[in-house]
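Colleague: My questions all concern the structure below.
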Amino acid sequence: MTASTLTPTHQSAGGARPTLVIRRRKRIKPSRVLATFIVAVLAVTWLVPFAWATITALKSETEAAATPITLVPKSGFTFDAFAKVLQQGNIPQWTINSLFTAAAITIITLAISTLAAYALSRIDFKGRKVMMTIIVASLIVPPPVLIIPLFYQMVSFHMIDTYWGIILPQVIAPAMVFVLKKFFDQIPRELEDAALVDGAGRIRIFWQVVLPLSRPILAAVAIFVFIGAWNNFLWPFIVTNESSMLTLPVGLQTIKSAYGIQYAQNMASALLAALPLIVVFLFFQRQIIKGISTTGLAGT
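Taken in order, the sequence shown gives residues 2 to 301; the numbers are from this note's numbering.
Structural data, given as structure tokens:
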């Protein structure tokens, strides 16, 4: 049963008796308590490794490798690991390379994916079903299978150690085409029919009608593509050799020591690589959640 409280109202002019307003308290559902508990456990499960990496990165190398392990080092916390990582590697240039390539991959992928998804959703052309089948089938192809042919293509195009060599092989995203196509299918066709009656062409409808209605999914897709491009290690590692062309994940792996594993420096490198993604998530978490709920990524 729900609990209720009796709240007297102010006495009206003329001496009338005050009235009582019954306010019912909402009963806490067990399912909500269980869901909150599960979410809290998952949050702690994610935060514990992150907190451990932060604590280790703020230790000296001696304290990080010492046993037994302590949360608070005896000599206090220090930023020596971060300083050594910044001194040994060209962090600013690698960060610029990662930002530029990730941004370019995001923009080009959005342009290609939105046009392809809109054509598959709205234009009835010959071979549309076959193309859609190929796109869906390509989702099960592991990306490492394509590394060798893509590498030979970049060699033949003289794109090794170039930005285009990093960007172009990553701009085709069948999963994003599939997600955008599913979203465009949900947009009422009556809106486009009204624009056609007013004399608008297909490009104008796409630009002024479809895209404004698709802002949530476009933001979500852009964030997912950016995160994937930023975290991509294998392809930039294969296609780049010069230190000035390395991306941040690849460049940080080149910082090695001759004295064995440096735990504090490794954790500091991991935090430096993850910091931009954390900032992106903190600023755009609403768009990510809204995009997932709008597109039906969890159920389609």
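Think of the CB as a built atom: it goes at the ideal place given N, C-alpha and C, for glycine as much as any other residue.
Pick out the complete alpha helix (DSSP H) segments inside the stretch 87-138, 4 residues or longer, and give them in chain order.
Modeller: Whole alpha helix (DSSP H) segments, 4+ residues: 92-123.
Colleague: Quick check on V128: buried or exposed, where buried means 16 or more other Cβ atoms within 10 Å of its Cβ?
Modeller: The identity of residue 128 in the sequence shown is Gly, whereas the question assumes Val. So G128 ends up on the exposed side.
Colleague: Quick check on P74: does DSSP put it in helix, strand or coil?
Modeller: DSSP places P74 in coil when its eight states are reduced to three.
Colleague: DSSP state of V281, grouped into three classes?
Modeller: In the structure shown, V281 sits in a helix (DSSP, three-state: H, G or I).
Colleague: Taking the alpha-carbon of S215 as reference, which of Y264, S114 and I173 has the nearest alpha-carbon?
Modeller: Checking every option, the nearest Cα to that of S215 belongs to S114.
Colleague: Taking 8 Å as the threshold (C-beta atoms), are I148 and W231 in contact?
Modeller: Not closer than 8 Å, so no.
Colleague: Could I get the ranges of all uninterrupted beta strand (DSSP E) runs contained in the stretch 210-285, with 3 residues as the minimum, in chain order?
Modeller: The qualifying runs do not exist here; there are none.
Colleague: At a cut-off of 7 Å, is Q89 close to the ligand SAM when judged by its beta-carbon and the heavy atoms of the ligand?
Modeller: Of ligands this structure carries none, so the ligand SAM is not represented either.
Colleague: What residues in its chain sit with their C-beta under 7 Å from that of L151, if we drop five residues either side in the sequence?
Modeller: Here the set comprises P170.
Colleague: Inspect the beta-carbon positions of L140 and A176 and report whether they are closer than 8 Å.
Modeller: Yes, these two residues count as a Cβ contact at 8 Å.
Colleague: Evaluate contact between the stretch 51-61 and the stretch 267-282, counting only Cβ atoms and requiring at least three cross-stretch pairs below 8 Å.
Modeller: Segments in contact, yes.
Colleague: If you pair each beta-carbon of the stretch 102-116 with each one of the stretch 206-224, do three or more pairs fall below 8 Å?
Modeller: Yes, the stretch 102-116 is in contact with the stretch 206-224.
Colleague: When the Cβ atoms of the stretch 64-84 are set against those of the stretch 179-188, are three or more pairs found closer than 8 Å?
Modeller: No, because fewer than three Cβ pairs between the stretch 64-84 and the stretch 179-188 fall closer than 8 Å, the two stretches do not touch.
Colleague: Kindly indicate which three-state DSSP category A67 falls into: helix, strand or coil?
Modeller: DSSP places A67 in coil when its eight states are reduced to three.
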